[in-house]
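In full-length UniProt numbering, the protein residues as written are 1 to 145.
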């Protein structure tokens with residue numbers, strides 16, 4: 001509101017079971033951890049566990065427990081690189097969920113994977129973690145469909 005941004009869909013409501021404010025309404029938002037743990041029915045899974053189960057690259061030698069020490073040591077660029085790899089893994093998990101739900105076609109799924117791989121190849125100088133991530137991705141089952 002402060003900046004005059006119109007957020008019509010935030011206030012748009014369907015019935016009480018299918019609206020933005022309903023935590024379980026996957027038509028409006030998706031919390032991947034909630035979705036993958038059946039909204040609390042099972043234990044919350046870690047991203048690294050989901051990546052392993054789906055054959056995704058996952059973490060590349062750094063995990064969240066190390067970030068504070070890295071920050072204290074001034075290793076900000078490495079933290080940024082780590083966060084970017086987390087974003088890539090989150091995207092791949094989300095894309096895989098959409099494929100599983102039938103929300104995206106096989107063609108769209110393949111196109112998005114190939115676009116991501118091209119992006120990583122073009123920008124590998126920006127983040128030294130891109131190349132090992134890309135190698136792992138190319139060697140994974142996810143790209144063999």
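Each residue gets a CB set at the ideal place from its N, CA and C atoms; glycine is no exception.
Would you identify the three-state DSSP class for residue 5, choosing helix, strand or coil?
-> To locate residue 5, count along the chain shown from 1; it is residue 5. Coil.
According to the Cβ coordinates, are residue 140 and residue 57 closer than 9 Å?
-> The residue given as residue 140 occupies position 140 in the chain shown. The residue given as residue 57 occupies position 57 in the chain shown. For residue 140 and residue 57, yes; Cβs fall inside 9 Å.
The region 122-131 contacting the region 72-89, beta-carbon criterion three pairs below 8 Å = Taking a contact to require three or more Cβ pairs closer than 8 Å, the region 122-131 and the region 72-89 qualify as touching.
Rounded Cβ spacing between residue 92 and residue 142 (contact assumed at less than 8 Å) | Residue 92 sits at position 92 when you count from the first residue of the chain shown. Residue 142 sits at position 142 when you count from the first residue of the chain shown. Contact holds; Cβ gap of about 7 Å.
From 41, 66, 70 and 60, residue whose alpha carbon lies closest to that of residue 87 = Within the chain shown, residue 87 is the residue found at index 87, counting from 1. Scanning 41, 66, 70 and 60 for the CA closest to the CA of residue 87 turns up 60.
Tell me whether the beta-carbon of residue 52 lies closer than 9 Å to the beta-carbon of residue 94.
-> By 1-based counting over the chain shown, the position of residue 52 is 52. By 1-based counting over the chain shown, the position of residue 94 is 94. Taking the C-beta atoms as reference points, residue 94 is found no nearer than 9 Å to residue 52.
Using the C-alpha atoms, what's the distance from residue 62 back to residue 118?
-> In the chain shown, the residue the question calls residue 118 occupies position 118. In the chain shown, the residue the question calls residue 62 occupies position 62. Rounded to the nearest angstrom, the two C-alpha atoms are 24 Å apart.
Please look up how many angstroms separate the CB atoms of residue 35 and residue 97, rounded, as I've assumed it's under 8 Å.
-> Position 35 of the chain shown, counted from the start, is the residue given in the question as residue 35. Position 97 of the chain shown, counted from the start, is the residue given in the question as residue 97. The Cβ separation is near 7 Å, so the contact holds.
Just how far apart, CA to CA, sit residue 64 and residue 54?
-> As a position in the chain shown, residue 64 is number 64, starting the count at 1. As a position in the chain shown, residue 54 is number 54, starting the count at 1. If you draw a straight line from the Cα of residue 64 to the Cα of residue 54, it comes to about 20 Å.
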